[in-house]
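Enquirer:
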Amino acid sequence: QPNPTRRPGMSYACAAPAASLALLTGRITRREHSAGTVTIRPGTMTSRLERSGCRARTSPTTQFQRSACNGRCALTSCRAAEDAGTGQPEVGLGQSESGVDQLEVVAEANCRAAAVALVTKHVVDGDRVGVETGRMVNFALEEIHRRLADGTLADVCVVPAGILAAKEAAVAGVPVRSLDAVPALNVTILQVDEVVTFGAPSTGIAAIVGRSQRPVQPDLILIKQVIGRSVKLVLLAEELGDPNPLGGTVPVAIVSGTEWEEVAEELDDTFLGDAEVWRRGAGDANPRGGAQPYVSLDGEHTIVDLKFEDPTELTRWESGMLLFGEEATPYQIAEVLEGTEGVLAHGIVTQADVLFVAAAEEGGEPLVISICRDSKP
C-alpha cells in the first residue's frame, strides 16, 4: 500500500541486510554482506557504509556495487524508484509488501541461533562472563537471563568491557560485576567487526574489534584487560572473512595530552606508505581529530585509526595489511603496535579459542571453529 507518511524531499534509511542476494544466481550467501546503512532519497540512490575500512562507489544509475572490502560483492544500496504518478515505492529485493526485510529476519534468527549455541556450549553454573557489545552478544545475554530465570543456569554474572556493554547487560537483566570484583573470568564473549582464520586445518583466528564509534567509543584498554583475565575467549561473527585477508581499519588506543602527537608520528613513520593514521573525533574524519578530538573520560588516552588502504583509490589493500611495503599478518601488526611506546591497546584480537559464525542459510547451523592456542601462524 502507498505510504501516506512519505513526502517528496524526505530521506529514508534502511539497515543493509546481513545476508544479501547473489544477483546473477539468485542464491543467498554470507560472503556477500554489507554492514552498512543505506540512505534513500526520492529519485536518487546513495549508499553510506558504516563499517570502518569499507567503502563503496555508487551512482544514481547503478543499483548494486561491489564493495571495496577485498572485492566482496555487497548489497550496498536499495531501490528508491517510485511508480510513476503514484508516489508508491517499489518493493525492494528481499522485502515483503508489508516492508519487512526477509533477509534481515533470517540473518537475525541465525545470529540468535549462534549466540544460543555459544551459551549452551560455553556458559555453565558459577561462570563469570566477560562481554562487549553487539547484537549477537545481546542475544547471548538474553539467553543467559532466560536460563537464570528458569533455573537451568545459576550464579552467573557478567563483567562488561565498556559503558555500553554494562548498560546492555543491565537491560537484559543479567547480574553485573566489575572487573576488579572478580579474580578471573571463565569466558569472555566478543562480537567482532571482521574475522579470518589461518591455516588448513585452521591453526589460528584473527579478528578486529572496536571499529564502531557510536553511540560511544570502545574502551580498548578495558577490552584488553578483560581478555587478559579470561580463561577462554569466544568470538561471535555474522560472517567469516575467509578467504579474504584481514584488513581495513585497526583502532589503536594511545596516550593523550601533548604526547599523542609523538606516538601518532611514530606510528605514521612505521607504517609510511602502508597505512594512514587518523585520530578519532566527534565530527567528520580528520587526521588530527577535527575540532573535537576524542579523549577518554579519565583523560588518559585517545584513539587513532590505522587505515590499511590505498590513499589514492581509498580502497583496502588487496593483501589486507602491509608492513614496510610487504604483506603482513595481523600477528605481525599486533607485535609492532605492542612494541611502540605510548600504544596502550589495539583492536586486533589473536587469542581466541573458539569462533561462532552465524549460518548463511535460513535454519542452518552456525559454523563453529575451535583453535589450539599452542600454535601461532
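Count along the sequence shown starting at 1, add 1183, and that's the number in the numbering used here. We treat Cβ as the ideally placed atom computed from N, Cα and C, and that holds for glycine. Treat the numbers as computed from the prediction; the structure is a model and nothing was measured.
By a C-beta neighbour count over all protein chains shown, 10 Å radius and 16 as the cutoff for buried, is Arg1463 buried or exposed?
Expert: The sequence position of residue 1463 within the sequence shown is 280, counting from 1. Buried is the call here.
Enquirer: In the DSSP assignment, what residue or residues form a beta bridge with Cys1567?
Expert: The chain is shown only over 1184 to 1560; residue 1567 falls outside these bounds and no answer can be derived.
Enquirer: Between which two residues does the beta strand (DSSP E) holding Glu1510 run?
Expert: Locating residue 1510 in the sequence shown gives position 327, counting from the first residue. Its beta strand (DSSP E) spans residues 1509-1511.
Enquirer: Would you tell me roughly how many angstroms separate the C-alpha atoms of Ile1388 and Leu1331, rounded to the nearest one?
Expert: Here residue 1388 is taken as the residue at index 205 of the sequence shown, counted from 1. Here residue 1331 is taken as the residue at index 148 of the sequence shown, counted from 1. Cα to Cα, the separation comes out at about 31 Å.
Enquirer: Check this for me: beta carbons of Val1460 and Val1487, under 8 Å apart or not?
Expert: In the sequence shown, residue 1460 corresponds to position 277, counting from 1. In the sequence shown, residue 1487 corresponds to position 304, counting from 1. Yes, the Cβ-Cβ distance between Val1460 and Val1487 is below 8 Å.
Enquirer: Relative to the C-alpha of Asp1338, which residue among Lys1350, Leu1347, Ala1344, Pro1358 is closest?
Expert: Walking along the sequence shown from the start, residue 1338 turns up at place 155. Nearest C-alpha to Asp1338: Pro1358.
Enquirer: Closest to Ala1427 by C-alpha separation, out of Ile1372, Thr1380, Gln1408, would be which residue?
Expert: The residue given as residue 1427 occupies position 244 in the sequence shown. Strictly speaking, residue 1427 in this sequence is Asn, with Ala absent from that position. Selected option, being the one with the closest Cα: Thr1380.
Enquirer: What's the C-alpha gap between Ala1535 and Arg1394?
Expert: Counting from one through the sequence shown, the residue named residue 1535 turns up at place 352. Counting from one through the sequence shown, the residue named residue 1394 turns up at place 211. Cα to Cα, the separation comes out at about 18 Å.
Enquirer: By a C-beta neighbour count over all protein chains shown, 10 Å radius and 16 as the cutoff for buried, is Ser1439 buried or exposed?
Expert: Counting from one through the sequence shown, the residue named residue 1439 turns up at place 256. Ser1439 should be labelled buried.
Enquirer: Quick one: what's got a C-beta closer than 7 Å to Pro1560's C-beta in the same chain, skipping five residues either side?
Expert: Taking the sequence shown and counting its residues from 1, the one referred to as residue 1560 is at position 377. Interpretation of Pro1560 is limited by its pLDDT of 44, a score under 50 that renders its predicted location unreliable; the figure taken from the coordinates is listed afterwards. For Pro1560, where only same-chain residues beyond five positions count, the Cβ hits under 7 Å are Phe1381, Gly1382, Thr1386, Gly1387, Thr1512, Tyr1514.
Enquirer: Which of the three DSSP states, helix, strand or coil, is assigned to Val1540?
Expert: Taking the first residue of the sequence shown as 1, we reach residue 1540 at position 357. Looking at Val1540 - three-state DSSP - the assignment turns out to be strand.
Enquirer: Kindly give me the distance between the Cβ atoms of Val1526 and Val1435, rounded to whole angstroms, as I take these residues to be in contact under 8 Å.
Expert: The residue labelled residue 1526 in the question sits at position 343 within the sequence shown. The residue labelled residue 1435 in the question sits at position 252 within the sequence shown. Val1526 to Val1435, Cβ: 6 Å. Contact.
Enquirer: Using only CA atoms, which one of Pro1470, Met1504, Leu1455, Ala1367 lies nearest to Trp1443?
Expert: Reading the sequence shown from its first residue, position 260 is the one you call residue 1443. Looking at the Cα atoms, Pro1470 is the closest of the given residues.
Enquirer: Among Gln1374, Ala1542, Gly1482, Gly1430, which one has its Cα closest to the Cα of Thr1441?
Expert: As a working mapping, residue 1441 is identified with position 258 in the sequence shown. Thr1441 has its Cα closest to that of Gly1482, out of Gln1374, Ala1542, Gly1482, Gly1430.
Enquirer: Which runs of the alpha helix (DSSP H) spanning at least 4 residues fall entirely within the stretch 1394-1449, listed in chain order?
Expert: Listed in chain order, they are 1403-1411.
Enquirer: Cutting at 8 Å between CB atoms, please list the residues of its own chain near Glu1449, excluding the five before and the five after it.
Expert: Position 266 of the sequence shown, counted from the first residue, corresponds to residue 1449. Excluding sequence neighbours, Glu1449 sits near Thr1523, Glu1524, Gly1525.
Enquirer: Identify every run of the beta strand (DSSP E) within the stretch 1317-1383, keeping only runs that are complete inside it and at least 3 residues long; order them along the chain.
Expert: DSSP runs (the beta strand (DSSP E)) wholly in the stretch 1317-1383: 1340-1343, 1370-1374, 1377-1381.
Enquirer: So, using beta-carbon positions, are Glu1492 and Trp1500 closer together than 8 Å?
Expert: One-based indexing of the sequence shown puts residue 1492 at position 309. One-based indexing of the sequence shown puts residue 1500 at position 317. Yes, they are a contact pair.
Enquirer: Can Ile1327 and Val1307 be called in contact, C-beta distance under 8 Å?
Expert: Position 144 of the sequence shown, counted from the start, is the residue given in the question as residue 1327. Position 124 of the sequence shown, counted from the start, is the residue given in the question as residue 1307. Not a contact, by the Cβ cut-off of 8 Å.
Enquirer: Go to Glu1459, then tell me how far its beta strand (DSSP E) extends in each direction, as first and last residue.
Expert: Looking up residue 1459 in the sequence shown gives position 276. Where Glu1459 is concerned, the enclosing beta strand (DSSP E) stretches over 1459-1462.
Enquirer: Under 7 Å: does the beta carbon of Thr1432 sit that close to some heavy atom of the ligand COA?
Expert: In terms of ligand content, the structure shown is empty, and the ligand COA therefore cannot be addressed.
Enquirer: Near Ala1447, what residues of its chain come up, given a Cβ to Cβ distance below 8 Å and the 5 sequence neighbours on each side ignored?
Expert: Walking along the sequence shown from the start, residue 1447 turns up at place 264. Result list for Ala1447: Ile1437, Val1460, Arg1462, Val1487, in chain order.
Enquirer: Straight-line CA distance for Ser1553 to Ala1542?
Expert: As a position in the sequence shown, residue 1553 is number 370, starting the count at 1. As a position in the sequence shown, residue 1542 is number 359, starting the count at 1. Using only the alpha carbons, I get a separation of about 16 Å.
Enquirer: Judging by CA-CA distance, which residue of Phe1322, Gly1313, Leu1403 is the nearest neighbour of Val1478?
Expert: Residue numbering aside, residue 1478 sits at position 295 when the sequence shown is read from its first letter. Residue Leu1403 is the option with its Cα nearest to Val1478.
Enquirer: Have a look at the DSSP bridge pairing and note the partners of Arg1499.
Expert: Reading the sequence shown from its first residue, position 316 is the one you call residue 1499. For Arg1499, which the question treats as bridged, DSSP gives the partners Glu1492.
Enquirer: Which value, in whole angstroms, describes the spacing of the CA atoms of Glu1325 and Thr1335?
Expert: Your numbering for residue 1325 matches position 142 in the sequence shown. Your numbering for residue 1335 matches position 152 in the sequence shown. Spanning the two alpha carbons is a distance of roughly 14 Å.
Enquirer: Locate the beta strand (DSSP E) running through Leu1480, then write down its first and last residues.
Expert: Mapped onto the sequence shown, residue 1480 falls at position 297. Where Leu1480 is concerned, there is no enclosing beta strand (DSSP E), given that its DSSP letter is neither H nor E.
Enquirer: Considering only residues of the same chain and omitting the five flanking positions on each side of Ser1413, which have a CB-CB separation below 6 Å?
Expert: Working through the sequence shown from its first residue, we reach residue 1413 at position 230. Excluding sequence neighbours, Ser1413 sits near Gly1313, Leu1368, Thr1371.
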